[in-house]
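One structure is given below, encoded as structure tokens.
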Amino acid sequence: MSAQVIDGFSIAQDVRAQAAKEASCLKSCGVTPCLAVVLVGENPASVSYVTGKEKALAEAGMEGRDIRLPAETTEAQLLDLITDLNADSAVHGILVQLPLPGHIDEDKIIMAIKPEKDVDGFHPVNVGNMMIGRKSYLPCTPHGVLVLLKTMHIETAGAHAVIVGRSNIVGKPLGVLLVRKEYNATVTFCHTGTKDLASYTRRADILIAAAGRPNVITADMIKPGAAVIDVGVNRIPDASKKSGFRLCGDVDFEAAKEVASFITPVPRGVGPMTIAMLMMNTVEAARAACKK
Ligand code: GUN
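Structure below.
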């Protein structure tokens with residue numbers, strides 16, 4: 104039997120509607136949630152992500168400060184901008200789209216953002232709080248994956264979750280969250296240094312592909328009945344498309360869906376959830392600022 108394809112787009116729409124409702128409540132108390140979205144340079148994938156975030160903010164009735172800077176922007180100029188945004192009480196969240204051009208130290212930039220405005224959940228204070236189970240902004244993509252699992256009633260307690268990929272944005276935080284008591288999964292991390300990757304992935308009840316490489320997960324690497332969550336977003340040249348490319352995940356979707364019980368497609372799987380959780384974090388940032 105073919106896997107149930109998880110409709111991340113529609114689940115994300117529900118989360119975004121909830122964010123819009125909460126934003127409207129805050130607005131009636133005189134606070135319009137506002138997120139500053141900063142893009143340095145013109146990386147095509149980043150331009151597309153940032154445009155999607157701006158659109159989602161507008162649709163949820165929130166304010167977006169769309170700040171686009173040239174690729175030559177210096178680290179000092181970007182740090183000055185963050186200082187200004189940190190001090191601006193009308194701005195509740197700050198998101199600097201990654202990756203940044205090579206001459207800018209990403210760590211320095213992330214650490215310059217006030218933890219209270221770090222709706223990405225990338226600042227070491229938020230990462231540390233997440234690690235020890237204290238209240239913090241959760242990084243949007245891992246949080247989105249958890250919401251997908253919960254919405255689809257995919258049991259995490261006692262499940263073996265195998266994560267392929269160890270990025271600070273997805274792999275590592277997702278493992279840290281899944282191992283929390285509330286999710287209670289047993290977590291295995293795999294990465295480019297893992298020997299015999301398939302021997303691990305075949306033991307996964309929940310297989311998370313977050314390697315950023317097309318077809319790194321093939322059908323023979325999946326345990327029959329496993330839930331497969333594909334976080335990969337890869338651009339493949341495709342002359343038949345107007346854009347010249349198509350998107351594909353890290354999983355060989357067509358073959359994998361004949362083995363898995365649940366599977367996320369690319370696009371319209373995990374991707375839309377990232378934006379939806381960002382809307383939720385922005386509302387949360389505005390609410391916290393309001394309480395202050
Ligand atoms: N680049 C890829 N994913 C993300 C994300 O979630 N946040 C930011 N700021 N940059 C990204």
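In terms of our numbering, the sequence shown opens at residue 104 and continues consecutively. All C-beta atoms in this analysis are idealised placements derived from N, C-alpha and C, irrespective of residue type, glycine included. Only a predicted model underlies this, so the values are computations on that prediction, with no experimental measurement involved.
Taking C-alpha atoms, which residue in the options lies nearest to residue i?
{"i": "P242", "options": "L160, I332, G274, L252", "result": "G274"}
{"i": "D151", "options": "E387, L350, C132", "result": "The sequence given here has Ser at residue 151, not Asp. Nearest of E387, L350, C132 to S151, Cα basis: L350."}
{"i": "N271", "options": "G231, A379, Q121, E219", "result": "G231"}
{"i": "G372", "options": "D355, G335, A161", "result": "G335"}
{"i": "A174", "options": "K156, A161, G144, A163", "result": "G144"}
{"i": "D299", "options": "V279, V282, I320, D210", "result": "I320"}
{"i": "L184", "options": "S149, P227, A139, A159", "result": "A139"}
{"i": "G268", "options": "K344, A391, S149, L310", "result": "L310"}
{"i": "I235", "options": "V282, A126, G155", "result": "V282"}
{"i": "A391", "options": "T176, K217, H195", "result": "H195"}
{"i": "A313", "options": "G278, D353, G296, S346", "result": "D353"}
{"i": "G167", "options": "K395, K394, L381, C393", "result": "L381"}
{"i": "D208", "options": "T177, G296, G328", "result": "T177"}
{"i": "L249", "options": "G278, N229, R237", "result": "G278"}
{"i": "V362", "options": "G328, S346, M233", "result": "G328"}
{"i": "D117", "options": "S239, T254, H226", "result": "T254"}
{"i": "N146", "options": "K124, D191, T295, L172", "result": "L172"}
{"i": "D308", "options": "S346, A262, G296", "result": "A262"}
{"i": "K394", "options": "G296, C132, N229", "result": "C132"}
{"i": "S346", "options": "K124, S113, A148", "result": "A148"}
Give me the Cβ distance between residue i and residue j, rounded to the nearest whole Å; I'm assuming they're in contact under 8 Å.
{"i": "G315", "j": "N337", "result": "7 Å"}
{"i": "A264", "j": "V290", "result": "5 Å"}
{"i": "K326", "j": "R306", "result": "7 Å"}
{"i": "A115", "j": "M376", "result": "5 Å"}
{"i": "I339", "j": "P370", "result": "Not really, about 12 Å apart at Cβ, beyond 8 Å."}
{"i": "A379", "j": "G247", "result": "7 Å"}
{"i": "C293", "j": "I266", "result": "7 Å"}
{"i": "M165", "j": "A193", "result": "Not confirmed; about 12 Å, so no contact."}
{"i": "L280", "j": "G111", "result": "In fact, because the Cβ distance is near 18 Å, the residues do not count as touching under 8 Å."}
Thinking C-beta only, is residue j closer than 7 Å to residue i?
{"i": "T304", "j": "I109", "result": "no"}
{"i": "I212", "j": "V199", "result": "yes"}
{"i": "L330", "j": "S364", "result": "Just to set this straight, residue 330 is Ala in the shown sequence, not Leu. Going by C-beta atoms, A330 is nearer than 7 Å to S364."}
{"i": "P276", "j": "P245", "result": "yes"}
{"i": "P136", "j": "L142", "result": "no"}
{"i": "R119", "j": "A161", "result": "no"}
{"i": "V386", "j": "A179", "result": "no"}
{"i": "F348", "j": "D341", "result": "yes"}
{"i": "S105", "j": "K360", "result": "yes"}
{"i": "A389", "j": "V134", "result": "yes"}
{"i": "M324", "j": "A301", "result": "yes"}
{"i": "N189", "j": "K217", "result": "yes"}
{"i": "A159", "j": "L182", "result": "no"}
{"i": "I197", "j": "K220", "result": "yes"}
Say the cut is 6 Å; is the CB of residue i nearer than that to a heavy atom of ligand 3?
{"i": "G335", "result": "Among the ligands modelled here, namely ligand 1, ligand 3 does not occur."}
Self-check item: For ligand 1, residues whose Cβ lies under 6 Å from any non-hydrogen atom
Solution: L198, V199, Q200, L201, D223, C243, T244, I272, T377
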